Amino acid sequence: MREHPRLVESAGPDRRHAQGPAGERGHVVAQPGLRQQDVGHEDAQGKAGQEEDEERAERIEKSSAAGARQGGGEYIVGLVNRPTASRPALTFFFPACNEESNIEQTVARALAEIGPLVESLEVLAIDDGSSDRTPELADALAAADPRVRVVHQPNRGYGGALQAGFANGRGELIAFSDGDLQFDLAELKRLLDRLADRSHPVGAVIGYRIKRRDPFHRLVIAKTYNAIVSVLFGLRVRDIDCAMKVFRREVFDGLRLDAEGPFLSAELLIKLNARGVKMDQVGVTHYPRLAGENTGASFRKILRTFRDIFKLRWKLWTDRERTLGTQPPA
């Protein structure tokens, strides 16, 4: 198994770096299956919980077909890096690549609008190799509020940023949205209320944009994409890529995720559906992007997405059990 760099995250302006297997230093890297260093605002009680999770993490890795594939890139998401004794009720994370115009407002809105909805909140910013002031602004936000954490990594794309969020979120519930202010975070309450409805239990609640505020060509691409995924995988979801979703933490146990591009969101839903996880859908409001640039519909990313679609379809036909991942032992 390839030795991964150790997770390094920021809880303030003293940003650290990743130490790789050969001792090289570089940008901060978030990888699954790693033991979190004590960072920022952990307490002594959390360390005891961390030791318990480390033991469980070893069992998860052994049951996950020997962990990540040779050469890296694949995530086995499980109960890793999540101290039990100090686990927040909800982790809300968002990818942030060159979002210097939005990140401060995104964090402020998350704290103000999601904070009152839960007993305890963790806001996790995933700095995906930003070349602007996003890393520095994120570090300052983490230094100012103990509920805010930052994971820095080289640019791995939207899917890679989501993977880092799922692997490092410590909440009993894991929610995410985008960092471009196109969603009203207060509407996350609708998803949380549905998840809390024990009369019809579900493992995930996913939003769909009631009226999508995107250019016409993006709407056409999205309609086509949803139809293809529905036909090839039997996934009946109204809005696959809506960036407003919340999950119970346990649905990620042993889950195997490959994509690092835009297909990651669809891959996640496809695999949860194939594993029998019940999901529900809730309508949310969508707003035009006011700052920054959206590159999700570039020709290169569209080609990459279609490659990932057919790659997953083939793998589910030829090696379904390994592709879906292994349920970790109790």
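Those letters in the sequence shown? Residues -19 to 310, per the working numbering, in order.
Glycine included, every Cβ here is placed at the ideal spot set by N, Cα and C.
All values reported here derive from a predicted model rather than from experimental measurement.
Would you mind reading off the limits of the alpha helix (DSSP H) that contains residue i?
| i | result |
| --- | --- |
| A147 | 137 to 148 |
| D119 | 114 to 124 |
| S157 | Here S157 belongs to no alpha helix (DSSP H); instead the beta strand (DSSP E) covers 153 to 157. |
| E247 | 244 to 254 |
Quick one: what does DSSP say residue i is sitting in, helix, strand or coil?
| i | result |
| --- | --- |
| D173 | helix |
| Q261 | strand |
| S81 | coil |
| Y188 | strand |
| D288 | helix |
| W297 | helix |
| V227 | Here residue 227 is Phe; the residue named in the question, Val, does not match the sequence. Residue state, collapsed to three classes: strand. |
| R302 | helix |
| R269 | coil |
| F196 | helix |
| L215 | coil |
| R15 | Residue placement at R15 is poorly supported in this model, since its pLDDT is 28, which falls under 50; the coordinates still yield a value, given next. If DSSP states are grouped into helix, strand and coil, R15 belongs with coil. |
| L161 | coil |
| E93 | helix |
| E167 | helix |
| R280 | helix |
| I201 | helix |
| S179 | coil |
| I208 | helix |
| V98 | coil |
| G6 | Since pLDDT at G6 reaches only 31, below the 50 mark, its modelled position is unreliable, and the value read off the structure follows with that caveat. DSSP places G6 in strand when its eight states are reduced to three. |
Exposed or buried, what is residue i when buried is set at 16 or more other beta-carbons lying within 10 Å of its beta-carbon?
| i | result |
| --- | --- |
| I190 | exposed |
| G52 | Its pLDDT being 39, under 50, G52 is placed unreliably in this model, and the coordinates cannot settle the point. |
| E99 | exposed |
| G214 | exposed |
| T298 | exposed |
| E230 | exposed |
| R129 | buried |
| R280 | exposed |
| E301 | exposed |
| V209 | buried |
| Y205 | buried |
| H132 | buried |
| V217 | buried |
| S245 | buried |
| D177 | exposed |
| D119 | buried |
| D219 | buried |
| T141 | Note that residue 141 is Ala in the sequence shown, not Thr. Looking at its Cβ environment, which holds 16 or more other Cβ atoms inside 10 Å, A141 is buried. |
| L121 | buried |
| K251 | buried |
| S278 | exposed |
| F196 | exposed |
Give the range of the beta strand (DSSP E) segment to which residue i is assigned.
| i | result |
| --- | --- |
| L70 | 70 to 76 |
| H132 | 128 to 133 |
| E102 | 101 to 108 |
| R236 | 235 to 237 |
Return yes when the Cβ of residue j is within less than 7 Å of the Cβ of residue i, no when it is not.
| i | j | result |
| --- | --- | --- |
| K70 | G151 | The question names Lys, but residue 70 in the sequence shown is Leu. The answer is yes: Cβ separation under 7 Å. |
| P126 | I106 | no |
| P102 | P68 | Note on identity: in this sequence residue 102 is Glu, with Pro being the wrong assignment. Cβ atoms of E102 and P68: closer than 7 Å. |
| G139 | A223 | no |
| G241 | G137 | yes |
| T86 | D164 | no |
| N82 | S110 | no |
| D188 | Q143 | It should be noted that the sequence gives Tyr, not Asp, for residue 188. Not a contact, by the Cβ cut-off of 7 Å. |
| F232 | F290 | no |
| L171 | V185 | yes |
| L235 | G149 | no |
| A153 | V200 | According to the sequence provided, residue 153 is Leu. The question's Ala does not apply to it. Result no, Cβ atoms of L153 and V200 do not sit closer than 7 Å. |
| D160 | R287 | no |
| A90 | F72 | yes |
| N135 | D108 | yes |
| V211 | M259 | no |
For chain B, is any of its Cβ atoms less than 7 Å away from the one on residue i?
| i | result |
| --- | --- |
| P96 | The structure shown has no chain B; it contains just one protein chain. |
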